[in-house]
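**Q** Heads up, the sequence shown is in this note's numbering, so the first residue is 6 and it goes up one at a time. The structure under discussion is supplied below as structure tokens; questions concerning it will follow.
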Amino acid sequence: MLSKARIKYIKSLQVKKYRQLEQRFVVEGAKTVLELLDSDYTTECVLGTPDFFNDFNAVFKGFAGERIEVKPDVLATLGEYRTNDGALAIARCKPNAAPVLTASDFTLVLDDIRDPGNLGTIIRIADWYGIKAVIASDETAELYNPKVLHSSKGSFTRIPVYYTALPDFLSKTRLPVYGTFLSGDDVHTVNFGSGGLLVIGNEAHGISKEVEQFVTQQISIPRYGKAESLNAGVATAVICDNIRRSR
6 MLSKARIKYI
16 KSLQVKKYRQ
26 LEQRFVVEGA
36 KTVLELLDSD
46 YTTECVLGTP
56 DFFNDFNAVF
66 KGFAGERIEV
76 KPDVLATLGE
86 YRTNDGALAI
96 ARCKPNAAPV
106 LTASDFTLVL
116 DDIRDPGNLG
126 TIIRIADWYG
136 IKAVIASDET
146 AELYNPKVLH
156 SSKGSFTRIP
166 VYYTALPDFL
176 SKTRLPVYGT
186 FLSGDDVHTV
196 NFGSGGLLVI
206 GNEAHGISKE
216 VEQFVTQQIS
226 IPRYGKAESL
236 NAGVATAVIC
246 DNIRRSR
């Protein structure tokens, strides 16, 4: 049985300041918990229904963390999402480590992506298109926000996100830097080459002036209808698809 103190601790991890203080975060849902267990994250505790542990007993062979069996109605009260389907886990946050960039890979650079759902979707898109890392401005939504984890559908376990001051970071790279603008080169005709950095701007204001100065080629997605704009995740998917088609 879960103590009141344990319940309070788990619920506190839904709040950013407590995640940062404890350096722990919560993962919800059976599928995502299983992906977490199969990753290089350190999982300290898994709470699951009897059916979850019966169905996936083999997964826990050699698991060094704590296993706690709870009823479905109790589990539903612990997370952000009431439709939690069988499991919840507590894991350690990773250090904020810079990825190794190479001229043969593309890396996404996020300039102030504030919406957690957009960040999670972009991480999922990066995973789909074989983008190996994401670099984010300090103002971008936090990786361990429950909405980010939920919308990434487990892809956060495979795609590292590094937070940094973008102007300083970009000033030190020699790689091509592509940026999305309303009046850039048509993305369908751009020769992206073998690798580089792709900057995605803020949902409302686009790429900041501080970052724009480091963009070596401006690109755009042509509009054929009357929609005012594209969601940041949709725009990322369109560009990533064109990058892969051009290689």
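All residues carry an ideal CB built from backbone N, CA and C; glycine is no exception.
#1: Which of helix, strand or coil does DSSP assign to Q218?
#2: Hey, would you say E71 sits closer than 8 Å to P55, going by beta carbons?
#3: Just checking, does the region 102 to 121 make contact with the region 201 to 218 on the three C-beta pairs under 8 Å criterion?
#4: Tell me the residue span of the beta strand (DSSP E) that contains S142.
#5: Verify whether the separation of the beta carbon atoms of I95 and L18 is less than 8 Å.
#6: Can you give me the Cβ contacts of K152 inside the same chain, cut-off strictly under 7 Å, excluding the 5 residues immediately before and after it?
#7: I need the DSSP call for R97, collapsed to helix, strand or coil.
#8: Taking 8 Å as the cut-off, does the region 176 to 193 touch the region 209 to 222 (at least 3 CB pairs, one atom from each stretch)?
#9: Would you tell me roughly how many angstroms separate the C-alpha atoms of R24 and D246, rounded to the nearest one?
#10: Helix, strand or coil for E71 per DSSP?
#11: Is it the case that the Cβ atoms of F111 and G189 are separated by a distance below 8 Å?
#12: Can you tell me whether P165 is buried or exposed, with buried defined as 16 or more other CB within 10 angstroms of its CB?
#13: For G53, write down the residues that DSSP places opposite it in a beta bridge.
#14: So the alpha helix (DSSP H) T169 belongs to, where does it begin and stop?
#15: Just the Cα atoms here: how many angstroms apart are G91 and V139?
#16: What is the rounded straight-line gap between the Cα of I12 and the Cα of G135?
#17: Skipping 5 residues on each side, what residues in its chain have a beta carbon closer than 7 Å to that of D132?
#18: Check for me: the alpha helix (DSSP H) holding R29 runs from which residue to which?
**A** On the basis of the data shown:
#1: Translated into positions along the sequence shown, residue 218 becomes position 213. Q218 falls in the coil class under three-state DSSP.
#2: The sequence position of residue 71 within the sequence shown is 66, counting from 1. The sequence position of residue 55 within the sequence shown is 50, counting from 1. No, Cβ-Cβ distance for E71 and P55 is not below 8 Å.
#3: Touching, yes, given that three or more Cβ pairs across the two stretches are closer than 8 Å.
#4: The count along the sequence shown starts at 1 and reaches residue 142 at position 137. Annotation for S142: the continuous beta strand (DSSP E) segment containing it runs 139 to 142.
#5: Counted from its first residue, the sequence shown places residue 95 at position 90. Counted from its first residue, the sequence shown places residue 18 at position 13. Yes, these two residues count as a Cβ contact at 8 Å.
#6: Within the sequence shown, residue 152 is the residue found at index 147, counting from 1. P121, G122, G125, listed in sequence order.
#7: Residue mapping note: residue 97 aligns to position 92 of the sequence shown, counting from 1. In the three-state scheme derived from DSSP, where H, G and I count as helix and E and B as strand, R97 is classed as strand.
#8: With the cut-off at 8 Å, the region 209 to 222 and the region 176 to 193 touch.
#9: Locating residue 24 in the sequence shown gives position 19, where the first residue counts as 1. Locating residue 246 in the sequence shown gives position 241, where the first residue counts as 1. Using only the alpha carbons, I get a separation of about 34 Å.
#10: Start at 1 with the first residue of the sequence shown, and residue 71 comes out as number 66. DSSP places E71 in strand when its eight states are reduced to three.
#11: Walking along the sequence shown from the start, residue 111 turns up at place 106. Walking along the sequence shown from the start, residue 189 turns up at place 184. With contacts defined as CB atoms closer than 8 Å, F111 and G189 fail to qualify as a contacting pair.
#12: As a working note, residue 165 is residue 160 in the sequence shown. Buried is the call here.
#13: Here residue 53 corresponds to residue number 48 of the sequence shown, with the count starting at 1. Beta-bridge pairing links G53 to E74, A92.
#14: Locating residue 169 in the sequence shown gives position 164, counting from the first residue. Run containing T169: none in the alpha helix (DSSP H); it sits in the beta strand (DSSP E), 166 to 169.
#15: The residue labelled residue 91 in the question sits at position 86 within the sequence shown. The residue labelled residue 139 in the question sits at position 134 within the sequence shown. G91 and V139 have their C-alpha atoms roughly 30 Å apart.
#16: For the purposes of this step, residue 12 is taken as the residue at position 7 of the sequence shown. For the purposes of this step, residue 135 is taken as the residue at position 130 of the sequence shown. Cα to Cα, the separation comes out at about 38 Å.
#17: For this step, residue 132 is matched to residue 127 along the sequence shown. For D132, same chain residues with a beta-carbon under 7 Å away, outside a window of 5 residues either side, are S160, R163, I164 in chain order.
#18: Locating residue 29 in the sequence shown gives position 24, where the first residue counts as 1. Unbroken run through R29 is the beta strand (DSSP E), 29 to 33; no alpha helix (DSSP H).
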